[in-house]
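What follows is one structure encoded as structure tokens, with my remarks underneath.
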Amino acid sequence: MEELAELKQQLTRQRPAGWDDLPDIPLYMDQVVGYLARQMVSMGEGDALTSAMINNYIKDGLVERANGKKYGQEHLAYLTAITALKQVMSVREMKVLTTVGRELRAPQRQYEYFCQYLDQAMTDTAAGIDEDTADHDLPKLVLELAMRSYASGLACHRALAILAQRTGHEDLLKKKK
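Residues 37 to 213 in our numbering are what the sequence shown spells out, letter by letter.
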């Protein structure tokens with residue numbers, strides 16, 4: 037099936053730029069939004085970050101404020117990760133992960149981990165797609181991918197709660213009143 041072969045190819049080849057390949061000149065917000073749209077594998081318009089979303093992530097403390105009105109490598113790295121993580125985590129959950137990450141490792145190292153784990157997940161998912169899947173077997177493929185996502189989500193949320201508790205950041209997971 038041509039569409040599945042195309043999907044598998046996207047999952048296998050498209051990756052965000054590594055740290056050393058992120059622009060080393062500061063970018064304005066419009067440039068950041070355009071850059072981020074090219075950073076991740078995208079299957080639809082709803083995946084991209086908007087300037088309003090970026091401003092909200094800054095307000096929520098996920099990303100540092102811009103230097104003047106310009107964003108650098110560290111901003112691009114965090115925003116690239118957020119583009120992927122927002123698909124599976126709430127803002128509060130991402131806040132725990134980024135806060136603990138900042139306490140443990142430099143932004144460059146955090147981004148390298150993100151790229152490494154994203155690459156592995158994309159490669160594994162692509163390997164599980166048979167491009168010769170018949171139309172009548174597509175529901176089984178969809179269900180398999182959905183259940184794998186569900187199980188990973190359960191494990192992710194529980195591991196995050198454990199991380200928050202062990203690092204003293206469980207307050208970040210609580211809703212503000």
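Here a beta-carbon is modelled for each residue, glycine too, at the ideal position from N, C-alpha and C.
| Item | Value |
| --- | --- |
| Throw me the rounded Cβ distance for the GLY97 and LYS122 pair, which I believe falls under 8 Å. | That belief does not hold up - the Cβ atoms of GLY97 and LYS122 are roughly 15 Å apart, past 8 Å. |
| Since GLN50 is in the alpha helix (DSSP H), which residue starts that stretch and which ends it? | Taken as a continuous stretch (DSSP letters only), GLN50 belongs to no alpha helix (DSSP H), as it is neither H nor E. |
| Please determine if the region 38-54 and the region 150-159 are in contact, where contact requires at least 3 C-beta pairs separated by less than 8 Å. | yes |
| Using DSSP's beta-bridge definition, name the partner residues of LEU179. | LEU179 is not bridged to any residue. |
| Three-state secondary structure (DSSP) at TYR64? | coil |
| Between which two residues does the alpha helix (DSSP H) harbouring ALA214 extend? | Any question about residue 214 goes unanswered here, given that the chain covers just 37 to 213. |
| Entirely within the region 160-207 and at least 3 residues each: give me those beta strand (DSSP E) ranges in chain order. | none |
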